[in-house]
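Per our numbering, residue 1 is the first one in the sequence shown, and the count goes up by one each step.
Just so it is clear, CB atoms sit at the ideal spot from N, CA and C, and this is done for glycine as well.
Model, not experiment: these values are computed from the prediction.
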Amino acid sequence: MKKPYSAKESSSSAPKFIGLFLLLTFVFMLGWNAGVNHNQIQQGLAPKTTVTSPLGQTETINMQLFWDAWNILSSNFVDPHALVTENMIFGAIKGMVASVNDPYTNFMTPKENREFQESMQGHLEGIGAELTLRNGMLTVISPLKNSPAQKAGLQPEDIIYEVDGNSTEDMTLEQAVMKIRGEKGSVVTLTVLRKNYSEPIKLRIVRDTININSIDWKMKGDIAIIEINQFGDNTKQEFSKAISEILLKRPKGVVLDLRYNGGGYLDGAIDITSEFLEKEKVVTIKKRNPAEDEVIYVNGQARMANIPLAILINKGSASASEIVAGAIQDNNRGIIIGENSFGKGTVQSVENLIGGSSLRVTIAKWFTPNDQNINENGITPDIVVERTIEDIEADRDPQLEKAIEYLESLDS
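This is the structure in structure tokens:
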């Protein structure tokens, strides 16, 4: 469980992601397990249930419609072996959650929840890519660095049109992810639509074990290059250790590489930003109730506050990455180089439910220190530099080269 995401006490200890509405009472009253039968479930609720609506009004929900549909399906479906109670309950919850039309609000089954937690700890099996639904289309936020997806050529903003020949048009995000994930050594073929390409592209990807180091760093001359790959469970500790080692090298500049970083924990973004800013505002969190809005300031030692800074972003930089870049840019602390970022300006909370499942819910929008919400627009770099597929194939990195050139020019 993550700590609250600001200095003042949070109303919930659930981890906040940077990428709660009323659950119908029956979700909590079922008390189901793998052996419970349909009649036992139905006895848990009266046909009508009184609830408080999101707008604060008391209303009566007639659950009889739900039970009528349940009973007709249970009594008439041609294959009784397909009527798995647990799956039916999960499906009902997923349908309710999908009704809010938010790609970042979703219900996770116990299996999906375990895989999600493993990914935040830096371990999973699959192709290594972060996905979302954008305008109803399965869209790549970012392939993870050095992952099978990146090696196969998957790019940010690619639209995955087919998975092994099956159209993703009517798939939920969870359904698509489950089809793409798989055991190490197995193969998945993705058909993707890419901007400025007239024909679909087929990518054959061999799944593998994905181990994600939150932090990698190296020195190039007097310039420290720090890659942050995700804002996960160990990011704060790894980043603090890296800074201690880097400071011994007496760097004349720092490149903070946030490319292909799809985000993670909100408090991780605050921790990293706090090493570069001394007293400034990092982000404003605006919730459904304006009385609960929060302005979050730095909370760290600012050990690198006086070292020239350049940040690299691209289309795969999202959410927590954009918080860091936005705070640095708005506070004029460093320069942003690269391409426009992804544009995810919302915060999610993960609430654990009975049986090992969980609910991830968009609970707030976030704004940069200059009160800009970047949702769907992204962060615009101060210096725009593209890195083409040809650059990647030739192992050229004009974005990094520009950042180093900029920092070295400050010392001349």
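Ends of the beta strand (DSSP E) at residue i?
i           : result
residue 209 : 208 to 211
residue 367 : 358 to 367
residue 239 : It is not in any beta strand (DSSP E) - residue 239 instead sits in the alpha helix (DSSP H) that spans 235 to 247.
residue 178 : Counting along the chain, residue 178 falls outside any beta strand (DSSP E), though it belongs to the alpha helix (DSSP H) covering 173 to 180.
residue 348 : 346 to 352
residue 82  : Looking at the DSSP string, residue 82 is not in any beta strand (DSSP E), and its letter there is neither H nor E.
residue 216 : 215 to 220
residue 227 : 223 to 228
residue 189 : 187 to 193
residue 338 : 335 to 338
residue 106 : 106 to 108
Taking C-beta to C-beta, are residue i and residue j nearer than 9 Å?
i           : j           : result
residue 265 : residue 314 : no
residue 219 : residue 228 : no
residue 322 : residue 379 : yes
residue 348 : residue 104 : yes
residue 319 : residue 302 : no
residue 431 : residue 252 : With the chain covering only 1 through 412, there is no way to say anything about residue 431.
residue 94  : residue 107 : yes
residue 238 : residue 211 : no
residue 312 : residue 277 : no
residue 300 : residue 130 : no
residue 73  : residue 88  : yes
residue 127 : residue 148 : yes
residue 376 : residue 355 : no
What is the residue span of the alpha helix (DSSP H) that residue i lies within?
i           : result
residue 376 : Segment: none, residue 376 is in no alpha helix (DSSP H) and carries neither H nor E.
residue 161 : Premise fails: residue 161 lies in the beta strand (DSSP E), 159 to 163, not in any alpha helix (DSSP H).
residue 407 : 398 to 410
residue 87  : 85 to 98
residue 142 : Segment 137 to 143 is the beta strand (DSSP E) holding residue 142; no alpha helix (DSSP H) there.
residue 66  : 64 to 76
residue 324 : 320 to 330
residue 252 : Note, residue 252: premise wrong, no alpha helix (DSSP H); not H, not E.
residue 130 : Not the alpha helix (DSSP H): residue 130 falls in the beta strand (DSSP E), residues 129 to 134.
residue 390 : 389 to 393
residue 151 : 148 to 152
Apart from the five residues just before and just after residue i, which ones in its own chain have a Cβ nearer than 8 Å to its Cβ?
i           : result
residue 115 : 124, 181
residue 280 : 297, 298, 327, 331, 333, 369
residue 11  : Below a pLDDT of 50, predicted positions are generally treated as unreliable, and residue 11, at 36, falls in that range; the measurement from the model is reported next regardless. Taken in chain order, the residues that qualify are 292.
residue 393 : none
residue 154 : 127, 129, 140, 143, 190, 192, 203, 205
residue 371 : 284
Ordered along the chain, which non-local residues of its own chain (more than five positions away) have a Cβ less than 6 Å from that of residue i?
i           : result
residue 191 : 161, 162, 200, 202
residue 6   : The pLDDT assigned to residue 6 is 32, lower than 50, so where the model puts this residue is not dependable, and the model offers no usable value.
residue 242 : 215, 217
residue 176 : 138, 168
residue 235 : 214, 268
residue 179 : 163
residue 24  : Unreliable placement is indicated for residue 24, whose pLDDT of 28 sits below 50; the coordinate value is still reported in the next sentence. Contacts found: none.
residue 410 : 308
residue 152 : 203, 205
residue 102 : 362
residue 150 : 143
So residue i and residue j are in contact, right, with Cβ under 8 Å, and what is the actual spacing, rounded?
i           : j           : result
residue 374 : residue 343 : 6 Å
residue 272 : residue 324 : 6 Å
residue 283 : residue 231 : With 8 Å as the limit, residue 283 and residue 231 do not qualify as a contact, their Cβ atoms being about 13 Å apart.
residue 208 : residue 188 : That belief does not hold up - the Cβ atoms of residue 208 and residue 188 are roughly 11 Å apart, past 8 Å.
residue 287 : residue 389 : Rounded, the Cβ-Cβ distance is 41 Å, inconsistent with contact.
residue 350 : residue 358 : 5 Å
residue 142 : residue 316 : 3 Å
residue 132 : residue 173 : 7 Å
residue 407 : residue 310 : 6 Å
residue 307 : residue 381 : That belief does not hold up - the Cβ atoms of residue 307 and residue 381 are roughly 20 Å apart, past 8 Å.
Using C-beta distances below 7 Å, list every residue in its chain close to residue i, excluding the 5 sequence neighbours before and after it, in chain order.
i           : result
residue 159 : 137, 138, 139, 192, 193
residue 398 : 385, 387, 391
residue 353 : 359
residue 109 : 90, 357
residue 304 : 243, 254, 275, 276
residue 403 : 255, 310, 312, 337
residue 195 : 157
residue 112 : 174
For the ligand NAP, is there a heavy atom less than 8 Å away from the beta-carbon of residue i?
i          : result
residue 63 : Within the structure as shown, the ligand NAP is missing, as the structure has no ligands at all.
- [ ] Report the residue ranges of all beta strand (DSSP E) runs contained in full by the region 262 to 314; include only those spanning at least 3 residues, in chain order.
- [x] 281 to 287, 294 to 297, 309 to 313
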